[in-house]
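Residue numbers in the sequence shown follow our numbering, run continuously in steps of one, and reach 562 at the last position. For every residue, glycine included, the Cβ atom is placed at its ideal position computed from N, Cα and C.
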Amino acid sequence: MSLRGFIYPNQDESLIGMVRQNRSPKGLFDPYYVPEKLLHRDRELDAIRGIYRDSYEEDYGVNCLVHGITGVGMTVFSRYFLTKLTPHHFDAHTVYVDARKKDVLEIVAELNDKIHRETNTPITVAFDLDVLWMQFKRMAASTSKKTVFVVDGIDETNEEIYSKLAHLSKEIRASTIGVLNSHDYRLLTKGYATKVAYDFEIPLDTYTQSQLYEIVRQRVEDTFPLGLTEEVVRYITDCVIEFDAGKPRTSVEALKALWPMASSGQEITSDAVRAATSNITAAAHDMDYMDTIDTISTNDFMTLLVLESLSQHLMTYKTETYIDRKTLNELVLIKCEELGVKFIPEDIEKSLQTLIFQSIVFESGYSRNLLYLIAPPEILYDSSLSLRRELARRK
168 MSLRGFIYPN
178 QDESLIGMVR
188 QNRSPKGLFD
198 PYYVPEKLLH
208 RDRELDAIRG
218 IYRDSYEEDY
228 GVNCLVHGIT
238 GVGMTVFSRY
248 FLTKLTPHHF
258 DAHTVYVDAR
268 KKDVLEIVAE
278 LNDKIHRETN
288 TPITVAFDLD
298 VLWMQFKRMA
308 ASTSKKTVFV
318 VDGIDETNEE
328 IYSKLAHLSK
338 EIRASTIGVL
348 NSHDYRLLTK
358 GYATKVAYDF
368 EIPLDTYTQS
378 QLYEIVRQRV
388 EDTFPLGLTE
398 EVVRYITDCV
408 IEFDAGKPRT
418 SVEALKALWP
428 MASSGQEITS
438 DAVRAATSNI
448 TAAAHDMDYM
458 DTIDTISTND
468 FMTLLVLESL
478 SQHLMTYKTE
488 TYIDRKTLNE
498 LVLIKCEELG
508 VKFIPEDIEK
518 SLQTLIFQSI
528 VFESGYSRNL
538 LYLIAPPEIL
548 YDSSLSLRRE
558 LARRK
């Protein structure tokens, strides 16, 4: 079975290879990129929009902490609310500060600079922390409109500034969103100052397989001048779900690696896709495949034959990243006939389960019928072929 022939589901075959217009690589290379629609966060967006709408209408400040595992999309979520929803629902100033790898002086200076820009007010240059904070506080309190502040990358080095800003927001009836990973959230919210500074939280869960697939496909559609096949998008999603908890950031790193080839019109082979996802699957590459195959194949001729057939197929068809069970069974049957070995379908399934258990072969999350490799098939083919021949000589 091959998944070739489709760029995306329900898309006409005549569109394959067509150059996409008005696509930008910013969706891959801009860390602050925000899509036109944020997929699969409707519940969280409805919650934060409702709370901030109430605070806006009732004229009081509200503070929120957005948290999740690193790479799950906290920055995109907060920036989507700030840049897409706030301008349409609230007449408010918006200030975003990325606090990562910045000292306290830099963070306060950026807050001060951006609130002055929002209000189109001249700023007095200062390099003293207390002076900068007083300038910021004075301007934030005197704005004609409410302000929504987002501080991204809160941790133990800058928690004090967020806490200070959150307390100020109560005084001046502004609102804040603090963005931090789950580890820092658990650590910092134990402190009294942080506990009293925020009003509610928005935890962001990891994505399911189907949700992540739609997110990866959206990113491809937004950025790639030439489409990737559905099979490539599925393979990247399978790897991210299998090895990195379904985080969109990880899939973006794989797409970055493929973008130069796609933008120049080169064919995206399975070798290129495996290379692009090698950082995701790095842990599995540490194993010695030769030793592992040797261990599991002792007196197991059929397991070697199955792995040999599977890897040979993926070596031959360079644009395919998956092989289905029916095709594999047919290939093993042919080899059994050539070698004079009795063909027993149940033995093939048993061999596959052994290979899957040892993380040499993987089942797609979309269908158990689809099998894939993360190691170069050439390595697995050479190993299985040489060991099968050695086993045959012993007998």
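How is the alpha helix (DSSP H) around residue i delimited, first residue to last?
i      : result
Val399 : 397-411
Thr494 : 492-506
Ile218 : 209-225
Ile339 : 326-339
Leu474 : 468-483
Leu422 : 415-430
Pro585 : Outside the displayed span of the chain (168 to 562) sits residue 585, for which this structure offers no information.
Exposed or buried, residue i, counting other C-beta atoms within 10 Å across all chains shown (16 or more means buried)?
i      : result
Leu537 : buried
Met301 : exposed
Phe524 : exposed
His256 : exposed
Phe196 : exposed
Thr291 : exposed
Glu277 : buried
Val243 : buried
Arg535 : exposed
Lys493 : exposed
Ser191 : exposed
Thr470 : buried
Lys414 : buried
Leu506 : exposed
Arg560 : exposed
Asp458 : exposed
Val275 : buried
Ala259 : buried
Glu497 : exposed
Val186 : With a pLDDT of 38 at Val186, under the threshold of 50, the predicted position of this residue should be treated as unreliable, though the coordinate-derived value follows. That one is exposed.
Tyr402 : buried
Measuring only the C-alpha atoms, how far is residue i from residue j?
i      : j      : result
Phe248 : Asp297 : 31 Å
Ile236 : Gln479 : 39 Å
Leu547 : Thr396 : 25 Å
Asn287 : Ala542 : 56 Å
Val264 : Tyr200 : 15 Å
Val400 : Ile527 : 21 Å
Phe294 : Arg340 : 27 Å
Val233 : Leu500 : 55 Å
Ser377 : Thr310 : 44 Å
Glu409 : Thr417 : 12 Å
Ala439 : Leu425 : 7 Å
Ile447 : Thr521 : 23 Å
Thr444 : Leu335 : 45 Å
Tyr489 : Leu552 : 20 Å
Lys337 : Glu327 : 16 Å
Val271 : Leu519 : 56 Å
On the DSSP letters alone, give me the boundaries of the beta strand (DSSP E) that residue i sits inside.
i      : result
Asn230 : 230-235
Thr261 : 259-265
Phe367 : 367-370
Thr314 : 313-319
Thr343 : 342-348
Tyr539 : 537-539
May I ask you to report which of helix, strand or coil DSSP gives residue i?
i      : result
Lys304 : helix
Pro289 : coil
Ile515 : helix
Val239 : coil
Phe294 : coil
Leu195 : helix
Glu381 : helix
Ile435 : coil
Thr310 : coil
Phe510 : coil
Phe524 : helix
Phe391 : coil
Glu203 : coil
Glu323 : coil
Leu170 : Residue confidence is low: Leu170 scores 38 on pLDDT, short of 50, so the model does not pin down where it sits. Its coordinate-derived value is still stated next. In the structure shown, Leu170 sits in coil (DSSP, three-state: anything other than H, G, I, E or B).
Glu273 : helix
Glu487 : coil
Are at least three pairs of beta-carbons, each pair with one atom in the stretch 385-400 and one in the stretch 429-448, less than 8 Å apart? Verdict: yes, contact present.
State whether the stretch 362-381 contacts the stretch 210-219, with contact taken as three or more CB pairs (one from each stretch) at a distance under 8 Å. Judged by Cβ distances under 8 Å, the stretch 362-381 makes contact with the stretch 210-219, as three or more pairs qualify.
Segment contact, 8 Å Cβ cut-off, at least three pairs: the stretch 320-336 with the stretch 348-355: With a cut-off of 8 Å, the stretch 348-355 and the stretch 320-336 count as touching, because enough Cβ pairs lie within range.
For the stretch 341-348 against the stretch 303-319, do three or more pairs of beta-carbon atoms, one drawn from each stretch, fall closer than 8 Å, so that the two count as touching? Because the criterion of three Cβ pairs below 8 Å is met, the stretch 341-348 and the stretch 303-319 touch.
Across the stretch 301-310 and the stretch 226-240, are there enough close Cβ pairs to call them in contact, namely three or more that are closer than 8 Å? No: the two stretches stay apart, fewer than three of their Cβ pairs being nearer than 8 Å.
Does the contact criterion of 3 or more C-beta pairs under 8 Å hold for the stretch 376-389 versus the stretch 201-216? The answer is yes - the stretch 201-216 touches the stretch 376-389, with three or more Cβ pairs under 8 Å.
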